[in-house]
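Since the structure comes first, as C-alpha cells, the remarks are kept for the end.
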Amino acid sequence: MPARAIQRSAEGAQLELFRSIPGDLSPRDAQDLMSWPFFSLAKRKRVTPIDFSMGETRISVEAVPEHGMATIWDADVLIWAASQIVEARDAGRPTSRLMATTPHEILAFTSRGTGRDHYDRLKAALDRLQSTTVATSIRQEHQRRRHRFSWINEWRELTDERGRAAGIELILPDWFYAGVVNRSLVLTIDRAYFQLTGGLERWLYRLVRKHGGHQAGGWSFDFAHLHLKSGALSPLKQFAFDVRSIVHRQALPGYRLAIEHAFGRERLLFVAEPVDPFDRAMRRLKLKPVDKLP
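Heads up: take any position in the sequence shown, counting from 1, add 30, and you land on our numbering.
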C-alpha cells in the first residue's frame, strides 16, 4: 500500500524526491568529513561544543541537551546517503537532497540489526543529526565566512492509509550534498568499517583512508596533531594510550599501522596493504571479490 500523501515543508515541496536504490552498494564517504572534528567520538551523550581552528579551517559544532551531539556512529546515515547519491549519479539517474527510504535499508547497509531496538536507535541518530548545528569555513570562497547547517535539515516518518509505517523521508543540507556530487570529494571505504566498534578507531580509519589512500609510502601524523584534529574530550595522554592500543591490535581494515619516536614525539605511520589485482578488477566491475581457494 502506498505511503499516505503528507504535506511537505516549503523546502521539501521545492525538491524532487529521490527514492533510495536497494541492493548492496559500495560504501562512499565524503572527504570533508573524514579527518576533521565534526562528530562526537563517545557513545555517551556529549553536549560540550567542538571549537576547532587549524590554519584557515574553522569548525564549530554545537548540540542541544535533549539529544546531544551527533556521533561518528550516527554519521553512518550520511555514508549511506553519500553512497546512494554517488551510485545514482554514476548510473545517470537524477539525485536530490530529498531522499525517501526505509529504516531497514539504512540498517542493513550499515551492518546493523533490524530489530525494534535498532529502529529506535536509528530514529535517535536522525534526531541528533537534525539537532546538531555545524558552522565551517571549509569550501567557502571567503575563509572568514562560515556555512551553517545541520546534518539533516528535517526528517519524518511516513505511514500508509492504515497508519502503518511506510518508510522515512529526509532532507540533506546543501553543504553536504554539494560535497557528495563533486566526484573529487568522495572516497570508497572498506565495508569492514561498519564493524569497527570504537569511536576513535572509526575516526582514525577515515583519516587514514583520506590521507594514506593507496600511496606506496603511506603517511604519518604526530600524536598531538591527531589529538587536535579528533576533537576528542580525552586528554592527550589518554588519547595516545588509545591510539597505541589500536596500533597494537592492527584494528584498521586495509592498513598497516606503526609508531615512530623522533625528537621526543610519537608519530603514527600508516600504509595501505597490497590489494590483489583480481580483487581490484572485480570491485571496479562492481562484482564481489571471490575468496581465494586454498
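Every residue, glycine too, gets a C-beta built ideally from N, C-alpha and C.
Asked	Found
4-residue-minimum alpha helix (DSSP H) runs that sit fully inside the stretch 97-162, ordered along the chain	106-120, 133-139 and 146-161
Local conformation of His-241 per DSSP, three classes	helix
Three-state secondary structure (DSSP) of Ile-198	strand
Assigned exposure category for Lys-267 - 16 Cβ within 10 Å defines buried	exposed
Touch test, the stretch 59-78 against the stretch 135-144, Cβ-Cβ under 8 Å, three pairs minimum	no
Member of Met-99, Lys-73 and Leu-63 whose CA lies at the smallest distance from the CA of Thr-87	Leu-63
Ser-167 (DSSP reduced to helix, strand or coil)	coil
Identified DSSP bridge partners for Thr-218	Arg-58
For Glu-303 and Glu-15, the rounded distance between their alpha carbons	Residue 15 lies beyond the range of the chain shown here (31 to 324); nothing can be said about it.
contact_flag[the stretch 168-183, the stretch 218-236] where n(CB pairs < 8 Å) is 3 or more	no
Limits of the alpha helix (DSSP H) - the one that Leu-63 falls within	Premise fails: Leu-63 is in no alpha helix (DSSP H) and is neither H nor E.
Distance between Trp-249 and Lys-240 (C-alpha atoms, nearest Å)	10 Å
Where Gly-53 falls, given that 16 or more other Cβ within 10 Å makes a residue buried	exposed
Check whether Ile-109 and Pro-57 have beta carbons under 7 Å apart	yes
Inter-residue spacing [alpha-carbon to alpha-carbon] between Arg-34 and Arg-123	Here the model assigns Arg-34 a pLDDT of 45, short of 50, so the residue's position is not dependable, and the following value carries that caveat. Distance between the alpha carbons of Arg-34 and Arg-123: 25 Å.
Simplified DSSP state of Lys-322, which is helix, strand or coil	Unreliable placement is indicated for Lys-322, whose pLDDT of 43 sits below 50; the coordinate value is still reported in the next sentence. In this structure, Lys-322 counts as coil in the three-state DSSP scheme.
Phe-271: first and last residue of the uninterrupted alpha helix (DSSP H) it sits in	266-279
Contacts around Ala-165, its chain only, beta-carbon distance under 6 Å, and the 5 residues preceding and following it disregarded	Ser-90, Arg-176 and Arg-178
First and last residue of the uninterrupted alpha helix (DSSP H) at Ala-208	204-211
Nonlocal neighbours in the same chain, by C-beta distance under 7 Å from Leu-47, ignoring five residues either side	Ser-126, Leu-128 and Ala-130
Residues sharing a beta bridge with Val-301, DSSP	Arg-286
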